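J.:
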Amino acid sequence: MAPRRSHARFDPLPLELAPALRARRHRLADLAEGRVLDLGGWSDHLDHYHADRVTSLVLIGATPARADLAPVPVETRDLDLVDLVADEAGAFDTVVSLIRTPLVADLEGWLALVDRVLAPEGRFLFCEPTRRPGRTGRLLAAFAPLVRATAGLHLDRDVPAAVRAAGFTITDLDRFEVPTVSAPLRPFVEGRARRRHR
Numbered sequence: 031m032a033p034r035r036s037h038a039r040f041d042p043l044p045l046e047l048a049p050a051l052r053a054r055r056h057r058l059a060d061l062a063e064g065r066v067l068d069l070g071g072w073s074d075h076l077d078h079y080h081a082d083r084v085t086s087l088v089l090i091g092a093t094p095a096r097a098d099l100a101p102v103p104v105e106t107r108d109l110d111l112v113d114l115v116a117d118e119a120g121a122f123d124t125v126v127s128l129i130r131t132p133l134v135a136d137l138e139g140w141l142a143l144v145d146r147v148l149a150p151e152g153r154f155l156f157c158e159p160t161r162r163p164g165r166t167g168r169l170l171a172a173f174a175p176l177v178r179a180t181a182g183l184h185l186d187r188d189v190p191a192a193v194r195a196a197g198f199t200i201t202d203l204d205r206f207e208v209p210t211v212s213a214p215l216r217p218f219v220e221g222r223a224r225r226r227h228r
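Quick note on my numbering: the sequence shown kicks off at 31 and runs consecutively.
(1) Look at the alpha carbon of L155 and the alpha carbon of S212, and state the distance between them as a whole number of angstroms.
(2) Quick check: the stretch 199 to 215 against the stretch 139 to 148, are at least 3 beta-carbon pairs closer than 8 Å?
(3) Could you pull the DSSP bridge partners for I90 from this structure?
(4) If you draw a straight line from the alpha carbon of R65 to that of R162, how long is it in whole angstroms?
(5) Apply the 10 Å Cβ neighbour rule to A62 and answer buried if 16 or more other Cβ atoms are within range, or exposed otherwise.
(6) Kindly indicate the opening and closing residues of the alpha helix (DSSP H) around E46.
(7) Quick one: give me the first and last residue of the alpha helix (DSSP H) that E138 is part of.
(8) Are the beta-carbon atoms belonging to P209 and T160 less than 8 Å from one another?
(9) Taking its Cβ as the centre, do 16 or more other Cβ atoms sit within 10 Å of L45, making it buried, or is it exposed?
(10) Closer than 7 Å by C-beta to Y79: which residues in its own chain qualify, once you throw out the five before and the five after it? Chain order, please.
(11) List the endpoints of the continuous beta strand (DSSP E) containing A223.
(12) Buried or exposed: where does A223 fall if 16 or more other Cβ atoms within 10 Å of its Cβ makes it buried?
(13) If we call anything under 8 Å between Cβ atoms a contact, is I90 one with L76?
(14) Check the Cβ-Cβ distances between S86 and every residue of chain B, and say whether any is below 8 Å.
(15) In three-state terms, what does DSSP make of V115?
(16) Check whether the Cβ atoms of V147 and E118 lie closer than 8 Å to each other.
(17) What are the partner residues of E151, as DSSP defines its beta bridges?
(18) For F122, which residues in the same chain have their Cβ closer than 7 Å to its Cβ, ignoring the five residues on either side in sequence?
(19) Less than 6 Å between C-beta atoms, sequence neighbours within five positions excluded: which residues of the same chain meet that for P49?
(20) Find the nearest neighbour of A53 within the set C157, A195, R216 and V115, judged by alpha-carbon distance.
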């Protein structure tokens, strides 16, 4: 079953995430290669895509004005992964996801779509909030239903485990904390994963 359609929205996320994660967004854009799919939500990293490594860039939900920041050919799409897979299966060498998973109700289905749009041996670059390991993580997970009810965010999930379960091999993973007023949003992961050849 395809995941429920839901365009990523920036507004439920705390404003302090923007400066706190800027350097990490820039770093992941620096690593992108080939034909790139950027899953949207942010724009201050677009000038970090390299023209000598990125052949083209597809942006989901970006406005044309912000897309002009990118030094590579850009195509903007006002759609989501469910629509994109029909025409672009296996078409991308890199998919970049920057704080998109909290806005996705069906994470398993969404990651399956990421897998489908990637070429064999394609890379998935992500910076996402995740569930904190151990006892503290279990305690914070108790607040997850309240966060979902008030902000519509899904924060009680182990994102690295979900990425692996979707068929990716994680090659680099950095767990870190973000200073924010919302405790469930503090634990983050920055990761690089490769699609397993099938």
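Even glycine gets a Cβ: it sits at the ideal position worked out from N, Cα and C.
In this text, all values refer to a predicted model and were calculated from it rather than measured experimentally.
T.: Concretely, from the data shown:
(1) 24 Å
(2) no
(3) R107
(4) 33 Å
(5) buried
(6) Careful: E46 lies outside any alpha helix (DSSP H) and carries neither H nor E.
(7) L137 to V147
(8) no
(9) exposed
(10) A59, A62, V66, L87, A100, P101 and V102
(11) P217 to R225
(12) buried
(13) no
(14) Here there is only one protein chain, and chain B is not present.
(15) helix
(16) yes
(17) Beta-bridge pairing links E151 to no other residue.
(18) R65, V66, L67, V147, L148, A149 and G152
(19) none
(20) C157
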